Every structure is written in structure tokens, then in C-alpha cells.
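As they're listed, the protein sequences go chains A and B.
Counted from 1, the first sequence has number -4 at position 11 by the working numbering; the numbering is strictly sequential.
Counted from 1, the second sequence has number 240 at position 255 by the working numbering; the numbering is strictly sequential.
For every residue, glycine included, the Cβ atom is placed at its ideal position computed from N, Cα and C.
The structure presented is a predicted model; accordingly, all values stated were derived computationally and were not measured.
Protein chains: 2
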Amino acid sequence: MIIDCHGHYTTAPAALQEFRDAQLARLKDPSLPLPAEPGISDDEIRATIEGNQLRIARERGHDLTIFSPRASSMAHHVPDPATAVTWARVCNDLVYRVTTLFPDNFAGVAQLPQVAGEPLTASVQELERAVTELGFVGCNLNPDPAGGFWSSPPLTDEYWFPLYEKMTELDVPAMIHVSTSCNPAAHTLGAHYLNADTTAFMQLVQGNLFERFPTLRFVIPHGGGAVPYHWGRFKGIATREKFPPIEENVLPNVFFDTCVYHQPGIDLLTSVIPAANILFASEMLGAVRGNNPAGDFPWDDTKRYIDAANLTAADRSKIYEANVRRAYPRLAARLAAQGR
Amino acid sequence: MIIDCHGHYTTAPAALQEFRDAQLARLKDPSLPLPAEPGISDDEIRATIEGNQLRIARERGHDLTIFSPRASSMAHHVPDPATAVTWARVCNDLVYRVTTLFPDNFAGVAQLPQVAGEPLTASVQELERAVTELGFVGCNLNPDPAGGFWSSPPLTDEYWFPLYEKMTELDVPAMIHVSTSCNPAAHTLGAHYLNADTTAFMQLVQGNLFERFPTLRFVIPHGGGAVPYHWGRFKGIATREKFPPIEENVLPNVFFDTCVYHQPGIDLLTSVIPAANILFASEMLGAVRGNNPAGDFPWDDTKRYIDAANLTAADRSKIYEANVRRAYPRLAARLAAQGR
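If you want it as C-alpha cells, here you go:
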């Protein structure tokens, strides 16, 4: 079985964005009415999924995708908590409908209604709702809700602990995933996303978060940002600055996904990071769509690179399936109940 | 000949930091007198160099180091232009003395007196002084003088053009190098440095800076941050977002150094990035000092990795020497005049 742990509903029907636009318009002009929630039919959802993510997953041989709302649209920088709560709920409900229309192919992961500088109370509530009422198996956690200005404390700070307590109670992991960059210095897909992965990992290296939350689990997407390429640097810094060994302090609770869009990158990832810490992912359809003209195949067809990597069958199976079940026990339980 | 393009005077005599401390104390208490410039003897400089960078360079077989003041101490976030001017001058003068005491082994690169939010007039002046009076061959340019808050415009913005005009006139390159992170979210060496490399590269991918400044040259340190590991991602984003091909729009003017501290990272760098765009560097003694316990050799002994990489002799020679001469023509001219 092949599980893609990183997909977003980037092809949602246009009514979703129209609703968002109306939300933002009302923030500018509070005299406007509260926008009606988007009316989207099951057929519309089926069409956007069957023609896109599901078609491509079938072509490539992915069995199941862990699916969440579009990351770049989370927009946690918008400074209105009530707007964020509604936006997350509407987005999560739409993903929930995808998971009910295609229960064999998609499992839900929640967008949280984070707002830069605000407490995480609403995020804890939405996580609980998404897991207990919608059957979601994880969440996306934005370490920089300011959108490229990095005004939040590190992930090791007690600011985040209420969410970690709920994640621990529910036994769900978080993918550390920023949203759009509002900073003209940092391109969203080509800088901000990768920087966030690197930054979050180093925050964990510096801290001792998993001593306090021993069962908390994070997925760092986009192949871990710059981390595997600079593994010697991170190990050397940890040694020189007398941080505990990364293998003991971080790796038992952290996974990297395989959203690295060329063979040499996947070869590096799989040769440097233990197979037990790698989760298969493509982020299809995400940052990089379209074919690599050099190979006439899609950049984001990461299964192609994993299949070609120098891995044992056992390690490849861990990456495709076993590790994902371990990271997402609620998904594992569901699959087991289905005999999958 | 082996030229290390990335060294900082991280072992400067203590009097330099004492001067800096006095500068900063006076910013807090303007009633204090202007601090006396540090009194450092030639013997002190010799001792700090001969026992450290020069000893190790000789052990490893590096012939020459392109040498600049300590990057993490540039501290361009300190909001006083006059202080920045004096600090850059004092640091550059000390590096100049290193280059006069060991003229065969070191060539100078300038710290600029940047101040976040201020114009670059003083930086242009210090660059001119360093090149024409001290014989320096390049400069370090900080794309985020705010120190982890990214408040400056992208490197493609006209804010930076006065410096580019002077660099073009003097025919010197800049290494894109941030200083210490003031942001608790971003560890200086394990996040901020690598993020800056990635961010700067993506700014160049988005823009068309080298159409306007066709002979401008940048060195992106630390192996290009996350860029080579994610080369497929960058190529795919450039294609999807209709930026010009990176090979035409960026690579003719940009080099990556080899400050990547393990063999798989160097193998990836040298297999993905054309040899013509790679400059040998170790940043010794820099972010990562000490021995890799797994191999009982220093993490930052990058020559070991380059020697072991799957490179032709011609490509290895480009990385060790020819590309550096091309990137730093003032150094090339000096070496040629010496028959080296």
C-alpha cells in the first residue's frame, strides 16, 4: 500500500475562494453582511477530485492521500480570530466531504484557525472537532502565522503547549506547514516554505520539547527544507553547542516527507536520513506542477524517485506505508478495521 | 592552487570585541566617551592566525583564503549609522593587517556598514576604500540587515543599486551573507544563514537583476542553502511561474560555495550544480568546528569531500581555483602579477 502523507485540496471549486474573498471584503467593510457559506455540490467535489488528485494518484499507483485544505490559503496573518475560525471550519468541512465521497482514497488533516499573536484556544477546539467529529487524523501547524515575519515564539515555547496537549490526548501528529508569505523578500514556494522547514527543525534541535511531550509527533515537509543536505552542519552544530544528539532528541518524534522533486535530492534524503524517519509524499497538485522537460515526466512524481533510490524493499515499504501508519495511528486503526 | 573563498577572522584578538562592547555601551549611554580604537600588535595578529586558520590551511593544503571580518559580528541590526561605519572600518583594517602580514595566504573581503532601513551610501564609500586603499577583492552583502526579521526589499530592488553600481565599477563580487539572528525563532547558524541563502537565490530567480547589471557577481555561501537539494523544485517553479530559465537568468552571475559539511551533501552539490558555478570554501574556523566522531576528521574539512567527489580533474580544478579567479578578477590579477 502506498500512502501519500501530503496533499492539499488545491483544486477546490471556485465557490470556496469566492467565500474567502467575501470574508476579506467584510473585514475591510464591516457594514457588509456575513457571507453565506459556499454552496458546493457533491458532483462539483467529485469532478475536481476525480479529474485531478485521484486520477493522478491512480496513474502513479498511490492508494491513499492524507489530505488537507490548501496550505497557501490558510492565511493566518489575517488578524481576525472569528474570521479564521469560520475559514478553517469551512475548509475542513470541504475536505471532510472529500473523505466521505472517496473514503478509500483520502484521509483528512485539519487547517487550524491560528492567528498571529493570538492564543491557540480556537485551534485546540477546531482540532478536537476535526478529529472527533470529522474523523481527521492530524493537523497542519503553522510555525509562522505572521506569514514571513516570524513573530511567533519557537515551537518549543509554552505558547504552543495547549495544542500539543490536545494533539497528545488525541494521538494525532502535526505537519509543520506555513502559509503564504506576506513578505516581499521571501517567495512563498521557493523560499518561505523551505525556510520554515529548516527553521522548525533547528528549533527542535535547540530545545527539549519531546522530553515534555514524549508522544508528540511532527512531520517536516518538503524533504525537511535544507536539513538533510546540511546534515553534517546540523550534527556539527549540535555537538559544538552541546545540544543533545539529534538522533535521540529529535528523530524519535520527527519525520521528513519526500516532497523533493528530483532524483539527486531523493537519493540524498534516503542516504542521510534513517528510513524510519521518512514518509512518502508528493504534494500533488502543489507547488510544482507540470513536466520536467528533461525527462518528460512530472516534477512531483516522487514515487518515481523513491522507486529508483538505492533502498532495500523493507526500507521502501517503511517509507510508503509503515511509517505513515506509525505517525498517524488513527489512520492505522481505520485501515486495520477495514482489513487494509 | 587551492583557494578557499570563504573565511572569517573569527579568532581576532579580544581587544576587538572589547572595542565593540564599548561601542554598544556608548549607544546605551551617550555620555560615555568614544571608545579608543583597539590596540592590537602584529604579534597578536600573527599568533591568532598562525595558530588557527593558517595552521589548518597548511595541514589541509589550502594555498590562499579570501578573508573577511566575522560575519555573525557584523550586526547590521544596530540602528546607528556612525557606529556601523566605525565598526566596519576597524574590522576591515584588522583584516587588512592580516593580508599584509600574510600576503601569500590571505586576500581581504570587506564588511559593509549596512544599517537596516538606511541608505547604502556609507557602504558604497567603505567598499571603495577597502578595494582601492586596502586592496580588498570583494565584499559581504547582508540581504537582511534587520537580523532575522527580513524588513529589507529583495536584492533585485533598486534600494541596492548604488552598491551594485560601485561593485560593477570596481569589478568585485559580493558574498551574500547575513549576520547574527536577533529573532528567537531562527538560530543564527542552523536556520538564519541557510534561509538567507535560499531566500536570496529565489529573489534572483524571480527578478531580472543581471539584465541591468550584466557583470555583477554574487557568491551564495553554505552550498546555496536549500537550493541544490531542491533543484527540481526551483526549476519546476521557474517553469510554472514563467520566470526565465535559471541557467540563463541567474547562473551566469552566481556561484555556490562548498561549505557543506558531509560527503553526501557535496556529492549532491557537485552532481546538480554545474562545476563552473561552484567555488571551493570551508568557512574554517566557522559555524562548525571540531571533529566528526564518526570519521575522526573535522566537519569543515571540505577539501576531503571535494577530493572524494565524482569529479573530473578539470572540474575539480575549476572549483579549487579557476572559478575563484573568474569571480574575483582583482585577486586573479594580483596572482598573475606574482606569477602564481
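Considering Cα atoms alone, identify which of A:PRO23, A:HIS(-9), A:PRO66 and A:ILE30 is closest to LEU346 of chain A. An answer regarding residue 346 of chain A cannot be provided, because it is not within the stretch -14 to 325 covered by chain A.
Any heavy atom of the ligand GDP closer than 8 Å to the Cβ of ILE(-12) of chain B? This structure lacks the ligand GDP, and indeed carries no ligand of any kind.
Between the CA atoms of ILE291 of chain A and ASP(-11) of chain B - distance to the nearest angstrom: As a working mapping, residue -11 of chain B is identified with position 4 in the second sequence. As a working mapping, residue 291 of chain A is identified with position 306 in the first sequence. Each residue's alpha carbon lies about 36 Å from the other.
In chain A, what lies closer than 7 Å to MET187 of chain B by C-beta? Mapped onto the second sequence, residue 187 of chain B falls at position 202. By Cβ distance, chain A contributes HIS172, GLY175 and ALA176.
What did DSSP end up calling VAL204 of chain B once you bin it into helix, strand or coil? For this step, residue 204 of chain B is matched to residue 219 along the second sequence. VAL204 of chain B falls in the strand class under three-state DSSP.
Check distances from the C-beta atoms of the region 207 to 218 of chain B to those of chain A and list, in chain order, the residues that come in under 8 Å. HIS207, GLY208, GLY210, ALA211, PRO213, TYR214, HIS215, TRP216, GLY217 and ARG218
So which residues on chain B does SER256 of chain A lean against when the C-beta distance must stay under 7 Å? The count along the first sequence starts at 1 and reaches residue 256 of chain A at position 271. Those within 7 Å of SER256 of chain A in chain B are PRO249.
Just checking, does the region 52 to 60 of chain A make contact with the region 120 to 136 of chain A on the three C-beta pairs under 8 Å criterion? yes
Name, please, each residue of chain A whose Cβ falls closer than 9 Å to the Cβ of PRO138 of chain B. Walking along the second sequence from the start, residue 138 of chain B turns up at place 153. Simply PRO169 and ALA170.
For chain B, check one thing: does any of its Cβ atoms lie closer than 9 Å to the Cβ of VAL190 of chain A? For the purposes of this step, residue 190 of chain A is taken as residue 205 along the first sequence, with counting starting at 1. Taking Cβ atoms only, chain B reaches closer than 9 Å to VAL190 of chain A, which makes this a yes.
Taking ALA181 of chain A as part of the alpha helix (DSSP H), name the residues at either end of that continuous run. Position 196 of the first sequence, counted from the start, is the residue given in the question as residue 181 of chain A. That run of the alpha helix (DSSP H) goes 178 to 191.
May I ask which residues mark the beginning and end of the beta strand (DSSP E) holding PHE91 of chain B? Counted from its first residue, the second sequence places residue 91 of chain B at position 106. It spans 91 to 96 - the beta strand (DSSP E) in which PHE91 of chain B sits, taken as one unbroken run.
In the DSSP assignment, find the beta strand (DSSP E) that holds THR50 of chain B and state where it starts and stops. Locating residue 50 of chain B in the second sequence gives position 65, where the first residue counts as 1. Note, THR50 of chain B: beta strand (DSSP E), 49 to 54.
Find the residues of chain A that neighbour TRP135 of chain B, judging by a C-beta separation of less than 8 Å, and give them in chain order. The residue given as residue 135 of chain B occupies position 150 in the second sequence. By Cβ distance, chain A contributes GLY133, PHE134, TRP135, ASN168, ALA170 and ALA171.
What does THR183 of chain B touch in chain A if you count any residue whose Cβ is under 7 Å from its own? Here the question's residue 183 of chain B lines up with position 198 in the second sequence. Under the 7 Å cutoff, chain A gives ALA176, LEU179, ASN180 and ALA211.
Between the region 172 to 188 of chain A and the region 212 to 232 of chain B, do at least 3 Cβ pairs fall closer than 8 Å? yes
Hey, quick one: how far does the beta strand (DSSP E) through CYS124 of chain B stretch, first residue to last? The sequence position of residue 124 of chain B within the second sequence is 139, counting from 1. Segment 123 to 126, the beta strand (DSSP E) holding CYS124 of chain B.
Going by DSSP, which residues form a beta bridge with LEU264 of chain B? Within the second sequence, residue 264 of chain B is the residue found at index 279, counting from 1. Bridge partners of LEU264 of chain B: B:ASP242.
ALA21 of chain B, DSSP secondary structure in three states: The residue given as residue 21 of chain B occupies position 36 in the second sequence. In this structure, ALA21 of chain B counts as coil in the three-state DSSP scheme.
Could you check whether the region 113 to 121 of chain B touches the region 88 to 96 of chain B, counting it as contact only if at least three pairs of C-beta atoms, one from each stretch, sit closer than 8 Å? yes
Chain-order list of residues whose beta-carbon lies under 6 Å from that of PRO23 of chain B (same chain, five-residue window excluded): Residue numbering aside, residue 23 of chain B sits at position 38 when the second sequence is read from its first letter. Counting only Cβ-Cβ distances below 6 Å, and skipping sequence neighbours, we find ALA0, LEU1 and PHE4.
Between the beta-carbon of GLY132 of chain A and the beta-carbon of CYS167 of chain A, is there less than 9 Å? Along the first sequence, one-based indexing puts residue 132 of chain A at 147. Along the first sequence, one-based indexing puts residue 167 of chain A at 182. Result yes, Cβ atoms of GLY132 of chain A and CYS167 of chain A sit closer than 9 Å.
Would you mind telling me which residues of chain B sit closer than 7 Å to GLY275 of chain A, beta carbon to beta carbon, in chain order? Along the first sequence, one-based indexing puts residue 275 of chain A at 290. Those are GLY221, THR224 and ARG225, listed as they occur along chain B.
Find the nearest neighbour of LEU79 of chain B within the set B:HIS(-7), B:ALA298 and B:LEU179, judged by alpha-carbon distance. Here residue 79 of chain B refers to the residue found at position 94 when the second sequence is read from its first residue. That would be B:HIS(-7), whose Cα lies nearest to the Cα of LEU79 of chain B.
Neighbour list for VAL245 of chain B in chain A, Cβ cutoff strictly below 9 Å: Stepping through the second sequence from its first residue, residue 245 of chain B is reached at position 260. What VAL245 of chain B touches in chain A: TYR214, HIS215, GLY217 and ARG218.
For a test of the three-state rule: what should DSSP assign to ALA159 of chain A, helix, strand or coil? Position 174 of the first sequence holds residue 159 of chain A. Residue state, collapsed to three classes: strand.
Close beta carbons around PHE203 of chain B, own chain, < 7 Å, minus the five adjacent residues each side: For the purposes of this step, residue 203 of chain B is taken as residue 218 along the second sequence, with counting starting at 1. Counting only Cβ-Cβ distances below 7 Å, and skipping sequence neighbours, we find PRO158, ALA159, ILE161, ASN238 and VAL239.
In chain B, which residues lie less than 9 Å from ALA272 of chain A when you measure between Cβ atoms? Position 287 of the first sequence, counted from the first residue, corresponds to residue 272 of chain A. Within 9 Å Cβ-Cβ: ARG218, GLY221, ILE222 and ARG225.
For ARG218 of chain A, count neighbouring C-beta atoms within 10 Å of its own C-beta (all shown protein chains included) and say buried if the count is 16 or more, exposed if not. Counting from 1 along the first sequence, the entry for residue 218 of chain A is found at position 233. Classification for ARG218 of chain A: buried.
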